[in-house]
Amino acid sequence: MGDMTSEGASISAGIDLSQFYQVFFEEAGENLDNMEQLLLNLNVDEADDEELNAIFRCAHSIKGGAATFGFSDVAELTHQMETLLDKLRRHELTPTAPMVDVLLQSGDALRAQLGRHQGSGADPVDTAELLSHIKGFVDGNGAAPAPAAAPAPAPAAAAPA
532 MGDMTSEGAS
542 ISAGIDLSQF
552 YQVFFEEAGE
562 NLDNMEQLLL
572 NLNVDEADDE
582 ELNAIFRCAH
592 SIKGGAATFG
602 FSDVAELTHQ
612 METLLDKLRR
622 HELTPTAPMV
632 DVLLQSGDAL
642 RAQLGRHQGS
652 GADPVDTAEL
662 LSHIKGFVDG
672 NGAAPAPAAA
682 PAPAPAAAAP
692 A
């Protein structure tokens, strides 16, 4: 079974927080669904403040719950996402398609991390490359390369005439 308990979450102020895990996982899943939909619908050329604030709130909610329950890997990734999203909503950075791609891929990584904490038995998720890309954007390197995409499918062979 995965890391359903952690030192930070097992007892906080004398309260066993593990009883609240399921609620956190459900809410995190809903926030990830909302964040993904908002990102997919985001027009980077005309992103408005409310859209960016809504995406930020999704990441912020996940980060807060993850930190409360001691899921440090989830908290670390969402913290970096939140930093990028905060710069976007404050207009310190302009949204780009590569930023959206990295945020979507980060959402996928978060789903895998959360699944692991729920006991999926999956291997730990390596987020080093995602974190590097996010930090590159945050530091103003708008040319940060997006993580490698899945290979394109091979072209279909022409049917004989």
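692 is the number that the working numbering gives the last residue of the sequence shown; the numbers go up by one with no jumps. Each residue gets a CB set at the ideal place from its N, CA and C atoms; glycine is no exception.
Buried or exposed by the 16-neighbour rule on C-beta atoms within 10 Å, applied to residue i
i, result
"Leu615", "buried"
"Arg620", "buried"
"Ala628", "exposed"
Nearest neighbour of residue i, chosen from the options [CA to CA]
i, options, result
"Asp639", "Ala628, Leu661 and Pro629", "Leu661"
"Glu558", "Leu573, Asn572 and Ala597", "Ala597"
"Val605", "Ala659, Asp617 and Asn565", "Ala659"
"Glu623", "Leu563, Gly652, Thr599 and Asn672", "Asn672"
"Arg647", "Ser603, Asn562 and Arg621", "Ser603"
"Tyr552", "Ala653, Thr599 and Glu607", "Thr599"
"Leu583", "Gln649, Gly601 and Lys618", "Lys618"
Inter-residue spacing [alpha-carbon to alpha-carbon] between residue i and residue j
i, j, result
"Gly667", "Ile546", "39 Å"
"Leu634", "Met612", "7 Å"
"Val631", "Val669", "13 Å"
"Asp657", "Ala643", "10 Å"
"Thr609", "Asp576", "24 Å"
"Ile665", "Met566", "16 Å"
"Ser663", "Pro655", "18 Å"
"Pro626", "Leu571", "13 Å"
"Ser637", "Gln550", "27 Å"
"Glu581", "Leu548", "33 Å"
"Gly560", "Ser651", "15 Å"
"Arg588", "Asn574", "18 Å"
"Leu563", "His591", "11 Å"
"Ala578", "Gly595", "25 Å"
"Val554", "Glu607", "20 Å"
Whole-Å CB distance - residue i paired with residue j, under 8 Å assumed
i, j, result
"Phe556", "Leu645", "6 Å"
"Ile593", "Leu569", "Not confirmed; about 13 Å, so no contact."
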